[in-house]
Structures are given as C-alpha cells and as structure tokens.
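Once you know that position 290 of the sequence shown is 304 in my numbering, the rest is easy, because the numbers rise by one and skip nothing.
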Amino acid sequence: MGNQPLFVLSDDTERSRGQDAQSSNIAAGKAVSESVRTTLGPRGMDKMLVSDSGDVVITNDGATILQEMDIEHPAAQMIVEVAETQEDEIGDGTTTASVLAGQLLAQAEDLLDEDVHPTVVVEGYNEAARLAREAIDAIAIDEETDDDLLEQVAETSMTGKGTGGVTPERLAETVVEAIRSVESGDGINRENVRVRTQVGASATATELVEGVIVDEEPVREDMPVSADDATIGVFDLEFDIREANVDAEYDITDIDQLNAAIDAEEGELKKYAETLSDAGVDVAIVTDSIDDRAASYLAEEGIVAFESVSDDDATAIARATGATRIGSLEDLDDEDFGHAGSVGVETYGDEDLLFVEGGDAAETVTVFVRGGTEHLIDELERAIDDALDVVTASIETGGVVPGAGATEIAIASHIRDRAASIEGRRQLAVEAFADAVDVLPRTLASNVGMDPIDALVELRSRHDSEGRAGIIAEGQTGIVGDPIDYGVLDPAAVKREAVESATEAATMIARIDDVISAS
Ligand code: ADP
Ligand code: MG
Numbered sequence: 015m016g017n018q019p020l021f022v023l024s025d026d027t028e029r030s031r032g033q034d035a036q037s038s039n040i041a042a043g044k045a046v047s048e049s050v051r052t053t054l055g056p057r058g059m060d061k062m063l064v065s066d067s068g069d070v071v072i073t074n075d076g077a078t079i080l081q082e083m084d085i086e087h088p089a090a091q092m093i094v095e096v097a098e099t100q101e102d103e104i105g106d107g108t109t110t111a112s113v114l115a116g117q118l119l120a121q122a123e124d125l126l127d128e129d130v131h132p133t134v135v136v137e138g139y140n141e142a143a144r145l146a147r148e149a150i151d152a153i154a155i156d157e158e159t160d161d162d163l164l165e166q167v168a169e170t171s172m173t174g175k176g177t178g179g180v181t182p183e184r185l186a187e188t189v190v191e192a193i194r195s196v197e198s199g200d201g202i203n204r205e206n207v208r209v210r211t212q213v214g215a216s217a218t219a220t221e222l223v224e225g226v227i228v229d230e231e232p233v234r235e236d237m238p239v240s241a242d243d244a245t246i247g248v249f250d251l252e253f254d255i256r257e258a259n260v261d262a263e264y265d266i267t268d269i270d271q272l273n274a275a276i277d278a279e280e281g282e283l284k285k286y287a288e289t290l291s292d293a294g295v296d297v298a299i300v301t302d303s304i305d306d307r308a309a310s311y312l313a314e315e316g317i318v319a320f321e322s323v324s325d326d327d328a329t330a331i332a333r334a335t336g337a338t339r340i341g342s343l344e345d346l347d348d349e350d351f352g353h354a355g356s357v358g359v360e361t362y363g364d365e366d367l368l369f370v371e372g373g374d375a376a377e378t379v380t381v382f383v384r385g386g387t388e389h390l391i392d393e394l395e396r397a398i399d400d401a402l403d404v405v406t407a408s409i410e411t412g413g414v415v416p417g418a419g420a421t422e423i424a425i426a427s428h429i430r431d432r433a434a435s436i437e438g439r440r441q442l443a444v445e446a447f448a449d450a451v452d453v454l455p456r457t458l459a460s461n462v463g464m465d466p467i468d469a470l471v472e473l474r475s476r477h478d479s480e481g482r483a484g485i486i487a488e489g490q491t492g493i494v495g496d497p498i499d500y501g502v503l504d505p506a507a508v509k510r511e512a513v514e515s516a517t518e519a520a521t522m523i524a525r526i527d528d529v530i531s532a533s
C-alpha cells in the first residue's frame, strides 16, 4: 500500500474538525442570537430589514427578524429554527428562545474550553432544563384564567410593539373578546379568528367584526351593496353558457334560426338568476367567472354576486355562514345555503371590502386592523397575532407566569439550589445553564436603561424575600417590582417551549465536532 493517502472525500469538500468546528458553530449561533437581543422587552428597539429587492420591514418581532435575515451558516440556521418552532408552537417568546439558545452556546463554549466533555455539557443542560420546568410549574399562578388575567397576558405580549397610539388595553380587550367568541366545549378554534388589515384610518379604528371580511367587489355596480338577513350561496361553478352548447355547430340559414339560437343562449344565462331567485338567494359567492349577461340578470333579480373569489375566502364565508359549497344548480337544497345577519360592501379608498356579519356568521370573527401606514399596520397585525396566540396558549395549557424576567430569576435560583447536590463536572454545566438564563432579566434591565449587574443583584434579593421580582419599565428607566402588581404576565407555555427548544438546539450544536460540507 505504501504511503498513499486514502481519499474518501472529494477534493472540493470543506472540512473542519474538533475545536475548530465547535467554535465556529458556536460563534455563528451566538452571533444570530445576539442580533435580536436589543429587541427584547417593553423598551426593545426595532430593526429595519431591507431585502435585495428593496422591500423594507420594520419590526420588533424576533421570528420575523430572523426569518428576513437570510442566514446561511448551518449552526446559525438552527437558532433560526428555534425561533420558528417557538412561533409555530406558541406564537410568542421568539426573542426569549433565541437569546437563551445563544447564551447556552456561549456558556457551553467556556465549559468546552475548560475541557468539560461535550457529553457532560449535554447531560448537565438536560438536567437543568428539567429543573427549569419544575420552577415554571412552581411559579405559575394557579388562579382561574379569567378575562382580566387574559387581557394582561395579551397586553404584555404587545408591549414594545408599535401599536400606533391605540392603547394596548383596548387591543387586549378586542383580542380576548375574539378568542372567547370562538371558544367552545372542545377548545378554541383559533383558525376561526381572522385578522384583516386595511390602511387609511387611524389605528384606534381597529375593531372586532363578528363575521368575515374579504377583499371583493360585486361584479356589477347596479347590484345591491347591502342585504339584511341574507341567504348566501357559495358556488364552485361558472355562470356562463355551458361548453357543450358553445361547441355545438349551429347550422343557421335564416334570421329566425339565428334568433332562436340567441334566445336559447339568453334563456340559459337568465336561468342562473331565475334559479337563484327561486331558491331565495340574496348573495352569490362564485369561485369561477360570471358572464356579463348572466350578471345583468342577477342584478335585475336584486342578487349581489361576486366572481373569482379565492378558495380561502370562499371557505371562510361558507364556514362562517353555515353554507355548503355548491357544484351544480340541479337539485338545490335549502340546507346548502348559509345565512348572515347582514352582508355589505364598504369602500375604503380605492378598495371595496365585503363584510359578512352576524347570524351563523358570528362563529367566525375578524379583527379589522386599521392604521395610517402599511408598516404600522404590518407591525400591528403581528402584535395582534402574537396576542391571539398567547391568549389561546394560556387558556389551552392553563397556565400563566409572572413576566418581566421574574420567571427566569425563579428558574435560575431553583437550578442553583439543586446544583449543589449534583456530582462531578456535570454540576458545572448545570450552573452554567442558570447563568445563561440570567441573560434574559439582564437584557431586559439593560434595554430599559438599568445597570444589568445592579439589577440582577436586586432581582435575586427581592426574589428571595418576596418570591417574585421582575424588571418593570417605568418613566425613563425601570425598577424592580412584582410583575403581578403591574399586570405583566406571560403564558407558562412560552417559557416551557423556550427552555425546550433552546436546550435542544444548544446541545445539538455543542455535540458537533466535525463539519463536512460539499462546496
Ligand atoms: P419575545 O419575542 O421573547 O416575546 P418580547 O420583546 O416580546 O420578546 O419581550 C418579552 C419579554 O418582555 C417577556 O419576558 C415579558 O414578560 C417582558 N415584558 C413585556 N411587557 C413588559 C412590561 N411592561 N414590563 C416589563 N417586562 C415586560
Ligand atoms: Mg413577545
């Protein structure tokens, strides 16, 4: 064999190993999490993200920032996934989760530098995560989750987001009312809460509409723009001469035959309006097209019709009104029609919106978000989406914890208490986890302009004496206080999920000692 080296990888494969691989992965993960740190909390700053094509997004939302950043490094990408998981599972706490993941990596790096073996780090982190869950359960408020509490949770999730002058209390009330109205014996139908945005008015005009709003205008201007106690048909068919007839060859030799042919067509087009009118339909939602003449007959019958309605919107209207989608006009059944208290078309600037409200429609509600600019409205929509999610999470997983860093202080304290009894080097990893969790209250403190070290010292002592202590934004800076007194509450699920996904990502990255990439 001689000294011939054995090549198992192709020439252009890049490879880094051992400490090199680890430290570059850790650095990438830390960098990503560092980039969202300044947005955490009520005084968090916003980021302006500009894409290749010049689109601008201004946001405070961790998941949105990471998603727009176009991150390529595989380890950094895992932190982005932490934020995405958090967003999918709970809908809030994305900054918390990614900052924690980054800090767990930073602590892991120190441990690895001190020659603590990666598997020991992993075991220690998993043990600490278990202790963190215990601490979350212990600090959870075991009061009935009434509307008051839920409004506080909603408000907490919206603080720090640009809400364009609307008081967060009002938005929080709207959000809780929305969730309550889609709550039934078997839980919350979160998908029955829709959010619809429309620029043009001030954000204070944001309101809850009991029904659905879709971006549609009637096919003809002479159709009625509103109807009360309306019967609604949702049709998946074309209101036109049927193909078969169009293709048929007419052998027309005189004017009578021509007239007969035209009459036959007209009759067919008129039939749509007659059939719908006989069935008592006031509003026709059509996913396909409507022939102009068929539309004019519909207008004559006083029926308002919408064509080329998207499948999503048609589904929402059907669900909201109790209608079944209709594929043929033969054998129409009353049961197939939906009902709404009112249907109306309203004009906003150069856009027409169709409102389907009341009656059966009340099963679906829409938060109708208004605002002066596109950017404001987008951020407001994200804030409302988060608030809807945290209220849902609080009801469904039945737990609320004090916010403002108080839960994190409790987690770190509980972990340190137990770390003493853990043998060997694993203890170092468990303690390092507690240090990593501290970054959250520390960041909240520095984002409100407090000295993070002093704040941490005071938080710990107040936690020990009173059982709860958080960073409360006040005036130009912040103070240490009991978050419950200030109504700063988060769903317990946000903290559980953040611990879970951050631990998972950090331990996964810490275990990697070889990066092999094809170029
Ligand atoms: P995330 O993406 O993690 O939800 P946020 O920027 O929304 O990040 O910040 C969430 C943190 O801010 C939570 O710990 C929450 O308890 C805290 N927080 C929210 N409102 C307040 C407030 N008024 N005072 C202090 N802390 C608050
Ligand atoms: Mg939040």
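Built from N, CA and C at the ideal position, the CB exists for glycine as well.
Problem - alpha helix (DSSP H) runs contained entirely in the region 31–90, provided each spans 4 or more residues - result: At a cut-off of 4 residues, the continuous stretches assigned as alpha helix (DSSP H) that sit fully inside the region 31–90 are 32–51, 76–82.
Exercise for the section: Output the distance between the C-alpha atoms of residue 488 and residue 110, rounded to the nearest integer angstrom. Expected result: 21 Å
Practice task
Kindly provide the ranges of any beta strand (DSSP E) runs that are 3 or more residues long and lie completely inside the region 194–280, ordered along the chain.
Solution key: 207–213, 221–223, 225–228, 240–249
Problem - Below 7 Å from a heavy atom of ligand 2 - residues by beta-carbon - result: Listed along the chain, these residues meet the criterion: 106, 107, 109, 171, 400.
Exercise for the section: Tell me, to the nearest whole angstrom, how far the beta carbon of residue 231 is from that of residue 366; I am working on the premise that it is less than 8 Å. Expected result: 4 Å
Exercise for the section: Buried or exposed for residue 100, please, with buried defined as at least 16 other CB atoms from any protein chain shown within 10 angstroms of its CB. Expected result: buried
Problem - Spatial distance of residue 158 from residue 408 (CA atoms) - result: C-alpha of residue 158 to C-alpha of residue 408: approximately 11 Å in a straight line.
Exercise for the section: Using only the heavy atoms of ligand 1, determine whether one of them is closer than 7 Å to the beta carbon of residue 94. Expected result: no
Practice task
Decide if residue 442 is buried, meaning its Cβ has at least 16 other Cβ atoms within 10 Å, or exposed.
Solution key: buried
Handout entry: Close Cβ partners of residue 89 (< 6 Å) along its chain, the five nearest in sequence each way excluded
Key = 39, 42, 43, 523
Problem - Heavy atom of ligand 1 within 7 Å of residue 458 beta-carbon - result: True, at least one ligand heavy atom lies under 7 Å from that Cβ.
Handout entry: Distance between residue 449 and residue 15 (C-alpha atoms, nearest Å)
Key = Residue placement at residue 15 is poorly supported in this model, since its pLDDT is 49, which falls under 50; the coordinates still yield a value, given next. Cα to Cα, the separation comes out at about 53 Å.
Exercise for the section: Under 6 Å Cβ to Cβ from residue 315, same chain only, skipping five residues before and after it: list those, please. Expected result: 287, 291
Problem - Segments of 3+ residues assigned as beta strand (DSSP E) that fall wholly inside the region 90–122 - result: Runs found: none.
Practice task
Compute the minimum distance between the beta carbon of residue 56 and the heavy atoms of ligand 1, and state whether it is under 7 Å.
Solution key: yes
Problem - Cutoff 6 Å; reference residue 507; Cβ partners in own chain excluding five residues on either side - result: 104, 407, 411
Practice task
Say yes only if the C-beta of residue 504 is nearer than 7 Å to one or more non-hydrogen atoms of ligand 1, and no if none qualify.
Solution key: yes
Handout entry: Backbone secondary structure at residue 449 - three-state DSSP
Key = In the structure shown, residue 449 sits in a helix (DSSP, three-state: H, G or I).
Practice task
Using 7 Å as the cut-off, classify the Cβ of residue 53 as near or not near the heavy atoms of ligand 1, replying yes or no.
Solution key: Within 7 Å of the C-beta of residue 53 there is at least one heavy atom belonging to ligand 1.
Problem - residue 181 versus residue 222 - alpha carbon distance - result: Computed Cα separation, rounded: 15 Å.
Problem - Spatial neighbours of residue 356 in its chain, beta-carbon cut-off 6 Å, leaving aside the 5 residues before and after - result: 242, 371, 372
Exercise for the section: List the endpoints of the continuous beta strand (DSSP E) containing residue 504. Expected result: 503–505
Handout entry: Assigned secondary structure, residue 384 (DSSP; H/G/I helix, E/B strand, else coil)
Key = Assignment of residue 384 by DSSP, reduced to helix, strand and coil, places it in the strand class.
Exercise for the section: Inspect the CB distances between the region 53–66 and the region 457–477 and report whether three or more fall short of 8 Å. Expected result: yes
Practice task
Note the first and the last residue of the continuous alpha helix (DSSP H) segment covering residue 494.
Solution key: No alpha helix (DSSP H) holds residue 494; the beta strand (DSSP E) holding it covers 491–495.
Problem - Given residue 479 as reference, the closest of 435, 453, 424 once Cα atoms are compared - result: Distances from the alpha-carbon of residue 479 to those of 435, 453, 424 put 424 closest.
Exercise for the section: Determine the burial state of residue 273: buried for a count of at least 16 other Cβ atoms within 10 Å of its Cβ, exposed for fewer. Expected result: exposed
Practice task
Measure the C-alpha to C-alpha separation of residue 140 and residue 156 and round it to an integer number of angstroms.
Solution key: 26 Å
Exercise for the section: May I have a chain-ordered list of the alpha helix (DSSP H) segments no shorter than 4 residues that lie completely inside the region 402–472? Expected result: 420–433, 440–451, 453–461
Problem - Limits of the beta strand (DSSP E) - the one that residue 139 falls within - result: Element bounds for residue 139: not the beta strand (DSSP E) but the alpha helix (DSSP H), 132–153.
Handout entry: Inter-residue Cα distance where the pair is residue 161 and residue 190
Key = 7 Å
Handout entry: Pair within 8 Å by beta-carbon distance, residue 115 and residue 516
Key = yes
Exercise for the section: Compute every distance between the C-beta of residue 534 and the non-hydrogen atoms of ligand 1, then say whether any falls below 7 Å. Expected result: What the structure shows of the chain is the stretch from 15 to 533, and residue 534 is not part of that stretch, so it cannot be assessed.
Practice task
Rounded to whole angstroms, what's the CA-CA distance from residue 301 to residue 249? Just pull it up for me.
Solution key: Rounded to whole angstroms, the separation of the alpha carbons of residue 249 and residue 301 is 6 Å.
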